Amino acid sequence: MRFGAANRSGSTTAPWIALAGMGVIAALLALIGLGDLPLRDFDEATVARVAFELRHELGEAPLLPTLWGSPYLNKAPGLHGLIAGLIRVTTPADELPAEWVVRLVPAGLSCLVVPIGGWLQWRLRPGDRASAVATSVILLSLLPVARHGRLAMLDGTQLTAMALLWLAVLELHSSQRSGYWGLTAGLMASTMLLLKAPLLVPCGMAAGIAVVWGQEWKTWKLASAGAGLVIGLLPGMGWHLWHAHIRGAQAFWLWGGDGAGRVLLDAGEGSDLGWRVPVIEMLEGGWPWLPLFPIALLWAWRSRRSRWGRWSVATLVTLAGAILPLRTQLPWYSHPLWLPVALLCAPLLVWLVERPRSSDAGATPPCRWLLLRLPLFWASLGLLLLVGFGSSFSSLASDLVPYRNLALVLGLGWCAGGLWLRSSTPKHRRIGVISLVSGTVAALALLFHSPLWLWELNESWAVKPVAALASAASGEPLLLKGYDERPSLNWYAQRRIQRFEGDAGWRLSDKPQEGCLVRGRAGRWTLADCR
Numbered sequence: 000m001r002f003g004a005a006n007r008s009g010s011t012t013a014p015w016i017a018l019a020g021m022g023v024i025a026a027l028l029a030l031i032g033l034g035d036l037p038l039r040d041f042d043e044a045t046v047a048r049v050a051f052e053l054r055h056e057l058g059e060a061p062l063l064p065t066l067w068g069s070p071y072l073n074k075a076p077g078l079h080g081l082i083a084g085l086i087r088v089t090t091p092a093d094e095l096p097a098e099w100v101v102r103l104v105p106a107g108l109s110c111l112v113v114p115i116g117g118w119l120q121w122r123l124r125p126g127d128r129a130s131a132v133a134t135s136v137i138l139l140s141l142l143p144v145a146r147h148g149r150l151a152m153l154d155g156t157q158l159t160a161m162a163l164l165w166l167a168v169l170e171l172h173s174s175q176r177s178g179y180w181g182l183t184a185g186l187m188a189s190t191m192l193l194l195k196a197p198l199l200v201p202c203g204m205a206a207g208i209a210v211v212w213g214q215e216w217k218t219w220k221l222a223s224a225g226a227g228l229v230i231g232l233l234p235g236m237g238w239h240l241w242h243a244h245i246r247g248a249q250a251f252w253l254w255g256g257d258g259a260g261r262v263l264l265d266a267g268e269g270s271d272l273g274w275r276v277p278v279i280e281m282l283e284g285g286w287p288w289l290p291l292f293p294i295a296l297l298w299a300w301r302s303r304r305s306r307w308g309r310w311s312v313a314t315l316v317t318l319a320g321a322i323l324p325l326r327t328q329l330p331w332y333s334h335p336l337w338l339p340v341a342l343l344c345a346p347l348l349v350w351l352v353e354r355p356r357s358s359d360a361g362a363t364p365p366c367r368w369l370l371l372r373l374p375l376f377w378a379s380l381g382l383l384l385l386v387g388f389g390s391s392f393s394s395l396a397s398d399l400v401p402y403r404n405l406a407l408v409l410g411l412g413w414c415a416g417g418l419w420l421r422s423s424t425p426k427h428r429r430i431g432v433i434s435l436v437s438g439t440v441a442a443l444a445l446l447f448h449s450p451l452w453l454w455e456l457n458e459s460w461a462v463k464p465v466a467a468l469a470s471a472a473s474g475e476p477l478l479l480k481g482y483d484e485r486p487s488l489n490w491y492a493q494r495r496i497q498r499f500e501g502d503a504g505w506r507l508s509d510k511p512q513e514g515c516l517v518r519g520r521a522g523r524w525t526l527a528d529c530r
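Encoded structure:
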């Protein structure tokens, strides 16, 4: 990854090989340990069950999803349908698909944001090959982007669709293929309508604000671009009209309940901490690039007359304005923010490596004195990780043993990278950023090869042993004592096991413990098993 040389040459050729290479690394990273761990509550198991019922055509009408035979109104079935297709070709009809089958489609689609993000930066900063590559590198090495993308969730695929939608809008600027890029924008809008439909509104608004801000629409061929956009929108709009035709007013829950309802009401499951949840997620998941972010945002605002400045600020502020006010929050709601963060931070990372001398104030970032001390901060963090690695061998820090290898790899990469970045020569600073990135990506590979990457599984008891007991009680009604319904238990038991409410009309032969199954037979509830 050679920063700077391409900048000085002013090349008009995008770094396609480098961007493709980053995409391949992202794909390999996504495949590590993909099927080693069970599906988690709630999202993965729910997505898997909806896809399973689509595969077996259990819905009330074609292309309309169900969950345990009831209409599934939470999300459109775009990703579920693709997973169902893979289940059909890989798994016998009478068997549950393996975990890797359920996760493979979202993992593969999520990887595409890495090269597309770099391409997007290339359109924002034409000729700046280094910033394009740096954008892909940042997206590749961010833990939330890598981890959420490999889960059977919609967020990673949605991020890729959003990036390609913005790219298509950017390509409309003085493009000789307005119809093609208009069609691409429409298809990506349809894709978002078939994933998390309400997110299309702030995503489209973000692009629209940037376009109006820079008056980019004046260079468009509106007739051909508009025709392509309308054609591309037909699949997404067609499904929503079909959904409303079959299910009537229920179909509006997808927009009102799970969309606007989360802003105005406490709709659905999630934390009531509000805006603090996405802020915490950003603070936890943005390393090692998080210290670049505030300086990069200030630089983008100062450069707001440039295309990069306008788009970076408009997309970040618009998406943050849509996500932060949500009354109920879940950790992955902040996922769309990572793309604007990468677009913002990449040019600053390049400047830190190359440190070009320029008389143009807009080409020089603010707070340079602080920025030049950032490598020492990275080196210090790496040293702390190495201290943690050494401490894990003592009895006092035995809890750190599972994280020992992660601390070693990450500590070496960050410590060496920070020290190299303090060098006075660009060549050594390039080695430094390569070390920083390599340590982060290697740590992600080790994380995904271990059971640590899906830490939500440790929040409650394992469902597979209980699911085996439930399967043995075939034909008998079962309820779950002491916990809310768990979709992952339903998935592995291949039956719906709802919460036991302790109805006084039933008698218990034994008092069930928390997390136990209770079995109904001949008007009497009996203890089936616990944990």
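If you use numbering that gives the first Met the number 0, the sequence shown corresponds to residues 0 to 530, in order. All residues carry an ideal CB built from backbone N, CA and C; glycine is no exception. Computed from a predicted model, the values in this text were never measured in an experiment.
Please name the residue, chosen from the options, that lies closest to residue i on a Cα-to-Cα basis.
{"i": "S437", "options": "A25, R54, K74", "result": "A25"}
{"i": "G77", "options": "A209, R498, P476, S189", "result": "S189"}
{"i": "A362", "options": "P374, L371, L347", "result": "L347"}
{"i": "A17", "options": "A442, V211, T134", "result": "T134"}
{"i": "H334", "options": "A209, L141, L36", "result": "L141"}
{"i": "W452", "options": "Y71, P37, L138", "result": "P37"}
{"i": "W377", "options": "D93, G431, H55", "result": "G431"}
{"i": "L27", "options": "V440, W454, A467", "result": "V440"}
{"i": "Y332", "options": "L380, E280, R356, P287", "result": "E280"}
{"i": "A442", "options": "F251, L193, P401, L103", "result": "P401"}
{"i": "I245", "options": "S470, F51, P64", "result": "P64"}
{"i": "G34", "options": "S487, P486, F447, S470", "result": "F447"}
{"i": "L289", "options": "R146, R485, W337, G207", "result": "W337"}
{"i": "L72", "options": "V49, V88, L85, L138", "result": "V49"}
{"i": "E56", "options": "R87, K217, V23", "result": "R87"}
Expressed to the nearest angstrom, what Euclidean distance is found between the alpha-carbon atoms of residue i and residue j?
{"i": "S449", "j": "V408", "result": "14 Å"}
{"i": "S394", "j": "F388", "result": "13 Å"}
{"i": "S397", "j": "K480", "result": "35 Å"}
{"i": "A47", "j": "P91", "result": "15 Å"}
{"i": "G504", "j": "P464", "result": "Reliability fails at G504, whose pLDDT of 40 lies under 50, so the model's placement of it is uncertain and the value that follows must be treated cautiously. Cα-Cα distance, rounded: 29 Å."}
{"i": "H79", "j": "C414", "result": "43 Å"}
{"i": "Y179", "j": "A224", "result": "8 Å"}
{"i": "F392", "j": "L384", "result": "13 Å"}
{"i": "W300", "j": "T314", "result": "12 Å"}
{"i": "V276", "j": "A167", "result": "31 Å"}
{"i": "V210", "j": "D483", "result": "47 Å"}
{"i": "L53", "j": "A83", "result": "6 Å"}
{"i": "G185", "j": "L232", "result": "5 Å"}
{"i": "L420", "j": "V352", "result": "7 Å"}
{"i": "S177", "j": "S459", "result": "52 Å"}
{"i": "S305", "j": "A131", "result": "16 Å"}
{"i": "Q386", "j": "G412", "result": "According to the sequence displayed, residue 386 carries Val and not Gln. Spanning the two alpha carbons is a distance of roughly 14 Å."}
{"i": "V462", "j": "P476", "result": "18 Å"}
{"i": "E59", "j": "P70", "result": "8 Å"}
{"i": "R326", "j": "R367", "result": "38 Å"}
{"i": "L192", "j": "S379", "result": "45 Å"}
{"i": "K220", "j": "L171", "result": "8 Å"}
{"i": "L405", "j": "E455", "result": "19 Å"}
{"i": "L291", "j": "E215", "result": "29 Å"}
{"i": "A222", "j": "E94", "result": "51 Å"}
{"i": "Q175", "j": "A206", "result": "20 Å"}
{"i": "F51", "j": "L85", "result": "10 Å"}
{"i": "A466", "j": "P96", "result": "15 Å"}
{"i": "A75", "j": "V144", "result": "22 Å"}
{"i": "L169", "j": "W118", "result": "11 Å"}
{"i": "L240", "j": "G255", "result": "15 Å"}
Could you check whether the Cβ of residue i sits closer than 8 Å to any Cβ belonging to chain C?
{"i": "G417", "result": "In the structure shown, chain C cannot be found, because there is only a single protein chain."}
Hey, residue i and residue j: beta-carbon distance below 8 Å or not?
{"i": "I31", "j": "A444", "result": "yes"}
{"i": "L150", "j": "A196", "result": "no"}
{"i": "R495", "j": "N489", "result": "yes"}
{"i": "S109", "j": "A162", "result": "no"}
{"i": "W298", "j": "P365", "result": "yes"}
{"i": "A19", "j": "P105", "result": "no"}
{"i": "G155", "j": "G227", "result": "no"}
{"i": "R303", "j": "V312", "result": "yes"}
{"i": "L194", "j": "A160", "result": "yes"}
{"i": "L139", "j": "M236", "result": "no"}
{"i": "P486", "j": "D40", "result": "yes"}
{"i": "I294", "j": "L370", "result": "yes"}
Opposite residue i in the DSSP bridges: which residues?
{"i": "R498", "result": "L479"}
{"i": "L66", "result": "S69"}
Measuring from the CB of residue i, is there a heavy atom of the ligand MG at a distance below 7 Å?
{"i": "A467", "result": "Only the bare structure without any ligand can be found here, which leaves the ligand MG out of the picture."}
> On the three-pair Cβ rule with 8 Å, is the stretch 195–213 touching the stretch 317–324?
Replying inline: yes
> Can at least three beta-carbon pairs, one atom from the stretch 334–347 and one from the stretch 110–130, be found at a separation below 8 Å?
Replying inline: yes
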